[in-house]
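Trainee: Add 258 to the 1-based position in the sequence shown for our numbering, that's all there is to it. Beta carbons: idealized from backbone N, C-alpha and C, even for Gly.
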Amino acid sequence: MTSALRISVVIPCRNDAEFLRKCLLALQKQERPADRIIVVDNGSTDESAAVAREAGVELIDEPLVGIWPAAARGYDAALPTSDIIARLDADSRPHPDWLARIESAFNSDAALGVLTGGAEFYGAGRVISYLGEHWYIGGGRVWVNLWLGIPLVFGSNFAMRGAIWERARTVVHRENPRIHDDLDLTIHLRESDGVRWDRSLTMPVSARPLTSVRGLARRVGRV
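#1: Alpha carbon to alpha carbon, what distance is there between Gly420 and Val463?
#2: Less than 8 Å separating the beta-carbons of Lys280 and Arg351?
#3: Considering only residues of the same chain and omitting the five flanking positions on each side of Gly479, which have a CB-CB separation below 8 Å?
#4: Is it right to say Ala262 is buried, meaning 16 or more other beta carbons lie within 10 angstroms of its own, or is it exposed?
#5: Between Val297 and the rest of its own chain, which residues show a CB-CB distance below 6 Å, the 5 nearest in sequence each way excluded?
#6: Let me confirm a value: Gly407 is counted as buried when at least 16 other C-beta atoms fall within 10 Å, else exposed. Which label applies?
#7: Does the distance from the C-beta atom of Asp347 to that of Ser450 stay below 8 Å?
#8: Using the Cα positions of Thr303 and Pro321, report the straight-line distance between them to the nearest angstrom.
#9: How big is the Cα-Cα spacing for Arg399 and Gly452?
#10: Please confirm whether Asp355 and Arg264 have their CB atoms less than 8 Å apart.
#11: Going along the chain, which residues of its own chain have a beta-carbon closer than 6 Å to the beta-carbon of Asp319, five neighbours each way excluded?
#12: When the Cα atoms are used, what is the spatial distance from Ala330 to Asn434?
#13: Out of Glu361, Val372, Ala275 and Tyr333, point me to the one whose CA is closest to Trp455's CA.
#14: Would you say Ala336 and Arg294 are within 8 Å of each other, going by their C-beta atoms?
#15: On the CB-based measure, 16 or more other CB atoms within 10 Å of its CB, does Asp367 come out buried or exposed?
#16: What is the rounded straight-line gap between the Cα of Ala292 and the Cα of Ala358?
#17: Rounded to whole angstroms, what's the CA-CA distance from Thr428 to Val411? Just pull it up for me.
#18: In terms of alpha-carbon separation, which member of Ala308, Met418 and Ala363 lies closest to Asp334?
#19: Helix, strand or coil, according to DSSP, for Gly375 in the structure here?
#20: With a CB to CB cut of under 7 Å and the five nearest residues on each side skipped, what residues in its chain are close to Ala284?
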């Protein structure tokens with residue numbers, strides 16, 4: 259017999275109103291609805307906050323600009339009422355079965371602590387999308403697995419048990435806006451945490467960071 263898990267979705271957002279609107283619409287169409295959807299407004303000057311309010315989701319503020327401060331603020335807000343904390347970004351467009359598959363995976367494996375998947379890049383040609391999926395995301399997963407012995411947690415597409423964040427929240431570099439939050443989280447996980455990569459759990463995400471040399475350099479240049 260499976261138990262009903264309480265799942266909260268955290269979305270860090272900075273000046274991504276139109277992307278956020280489409281992300282929230284995709285979350286409204288989930289086969290398994292989220293118990294909570296938390297948008298973390300990270301100092302936006304556009305209509306991001308208004309979009310969240312219109313959608314009727316929870317909206318909290320994180321004034322320290324950076325993906326790690328914003329994500330951590332959202333995880334903290336979700337923690338008291340969540341068995342599972344799921345994470346995506348404002349430019350993510352989750353498939354309708356995303357949360358249902360997350361719930362099924364955690365219900366069927368008590369040892370599973372973190373579940374992550376890959377990306378499907380939209381908004382670019384086939385070559386850019388392929389390189390993003392297989393070189394940028396896929397390559398990172400390979401070298402992190404060789405380095406740490408666990409898969410790279412992909413920040414736009416993962417879920418973790420609340421107990422994982424309860425322990426990690428005090429050791430990660432959550433106030434450092436210059437590092438990749440997902441890589442830093444991965445570094446502070448243990449093999450015993452039960453980190454799993456699911457090849458079929460893919461997430462459509464915008465290819466915009468890969469369409470310019472500056473954008474790609476900014477991503478790759480972060481630790």
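Mentor: Taking the geometry as given:
#1: As the crow flies, the alpha-carbon of Val463 is around 25 Å from that of Gly420.
#2: Yes. Within cutoff.
#3: Only weak support is given to the placement of Gly479: the predicted model assigns it a pLDDT of 43, under 50, and the value that follows is read from those uncertain coordinates. Answer for Gly479: no residue qualifies.
#4: Within a 10 Å sphere around the beta-carbon of Ala262 sit fewer than 16 other beta-carbons, which makes this residue exposed.
#5: Excluding residues within five positions, the ones whose Cβ falls inside 6 Å are Ile269, Cys271, Ala310, Val315 and Leu317.
#6: Label assigned to Gly407: exposed.
#7: Going by C-beta atoms, Asp347 is not nearer than 8 Å to Ser450.
#8: If you take the alpha carbons of Thr303 and Pro321, they lie about 12 Å apart.
#9: In a straight line, the C-alpha of Arg399 is about 16 Å away from that of Gly452.
#10: Taking 8 Å as the Cβ cut-off, Asp355 and Arg264 do not qualify as a contacting pair.
#11: Take Asp319, set aside five residues on each side of it, and the residues of its chain with a beta-carbon closer than 6 Å to its own are Asp299, in chain order.
#12: So the two alpha carbons sit approximately 11 Å from each other.
#13: Distance check between Trp455 and each of Glu361, Val372, Ala275 and Tyr333 places Val372 closest, using alpha-carbon atoms only.
#14: Yes, Cβ-Cβ distance for Ala336 and Arg294 is below 8 Å.
#15: Asp367 is exposed by the Cβ-count criterion.
#16: Cα-Cα distance, rounded: 9 Å.
#17: Taking the Cα positions, Thr428 is about 18 Å away from Val411.
#18: It is Met418 whose Cα lies nearest to the Cα of Asp334.
#19: In the three-state reduction of the DSSP assignment, Gly375 falls in the strand class.
#20: Around Ala284: Arg351 and Pro352.
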